[in-house]
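Everything below concerns the one structure shown next.
In the working numbering, the protein residues as written are 217 to 454.
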């Protein structure tokens with residue numbers, strides 16, 4: 217029998233594992249557990265299974281989020297460096313005030329490590345929100361990036377979809393999913409979650425087909441989602 221830090225016991229049994237509900241509440245907070253408990257009709261065992269299922273779903277989404285974010289930012293950097301004929305394109309004055317502030321913040325973070333803001337470090341440090349903001353309509357109104365950039369950046373997308381307007385919703389959807397997963401928020405309750413993931417997988421394919429093939433080797437999301445909470449370990453909350 218395994219002792220927890222507080223002295224309570226976690227007992228493996230032939231039918232699963234028994235855990236203390238008060239310990240779960242102390243660790244996760246009642247407010248955080250409430251939606252799971254409410255959805256489970258007050259059944260604590262089902263609530264724990266649902267919570268674990270959400271963790272498993274988020275874990276399974278990491279390859280897609282990782283590969284998409286890194287591929288997008290490097291693809292943007294490659295195309296923008298060619299377009300502006302310099303790797304430090306982010307220092308130009310065409311960025312609006314909000315995005316220029318993000319560039320400055322990235323430089324400050326790099327400087328705190330006593331490093332120089334090389335293009336490679338800047339690309340890695342700039343937030344995903346910065347990269348997706350480049351697909352905002354304000355950069356089309358100014359005609360600085362769009363429509364000229366779309367065929368270069370999304371050359372693998374269907375021809376009729378190689379526009380900022382068509383690609384921007386994919387970026388926004390992926391950013392929303394990324395933020396919920398990385399901030400440990402629920403995603404299990406999204407009725408359209410499989411569709412969102414499939415669309416994000418398609419977007420990665422348009423960004424880079426080879427990287428999309430790598431993702432297919434790691435993907436476990438669809439099987440975990442199909443299994444539901446019943447696919448989680450058997451937990452008894454007492």
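Just so it is clear, CB atoms sit at the ideal spot from N, CA and C, and this is done for glycine as well.
A residue is called buried when at least 16 other Cβ atoms come within 10 angstroms of its Cβ; residue 249 meets this threshold and is buried. Pairing residue 296 with residue 319 gives a Cβ-Cβ distance that is not under 8 Å. Counting along the chain, the unbroken beta strand (DSSP E) around residue 453 starts and ends at 451–453. Residue state for residue 309 is assigned as coil, using DSSP reduced to three classes. If you compare the alpha carbons of 389, 426, 236 with that of residue 372, the shortest gap goes to 426. For residue 345, the enclosing alpha helix (DSSP H) covers residues 344–349. Around the beta carbon of residue 413, a 10 Å sphere encloses 16 or more other beta carbons of the protein chains shown; the residue is thus reported as buried. The straight-line gap separating the alpha-carbon atoms of residue 270 and residue 340 is approximately 28 Å. In the displayed model, residue 392 falls within a helix according to three-state DSSP. For residue 235, the enclosing beta strand (DSSP E) starts and ends at 232–235. Residue burial is scored here from C-beta neighbours: residue 308 has fewer than 16 other C-beta atoms within 10 angstroms and is therefore classed as exposed. For residue 292, the enclosing alpha helix (DSSP H) has its first and last residue at 260–300. In the structure shown, residue 384 falls within a helical segment according to DSSP collapsed to helix, strand and coil. In this structure, the CA atom of residue 258 is about 11 Å from the CA atom of residue 264. For residue 335, the enclosing alpha helix (DSSP H) stretches over residues 335–341. In this structure, residue 401 sits away from residue 280, with a CB-CB distance that is not shorter than 8 Å. Within 10 angstroms of the beta-carbon of residue 310 lie fewer than 16 other beta-carbons, which makes it exposed.
By the Cβ criterion, the region 235–248 is in contact with the region 441–453, since at least three pairs of Cβ atoms, one from each stretch, lie closer than 8 Å.
For residue 379, the secondary structure class from DSSP, reduced to helix, strand or coil, is coil. Straight across, the Cα-Cα distance linking residue 306 with residue 374 is about 29 Å. In this structure, residue 379 lies near residue 366, with their beta-carbon atoms less than 8 Å apart.
In this structure, DSSP gives residue 431 a helical state, which the three-state scheme calls helix.
Per DSSP, residue 256 lies in no alpha helix (DSSP H) segment and is marked neither H nor E.
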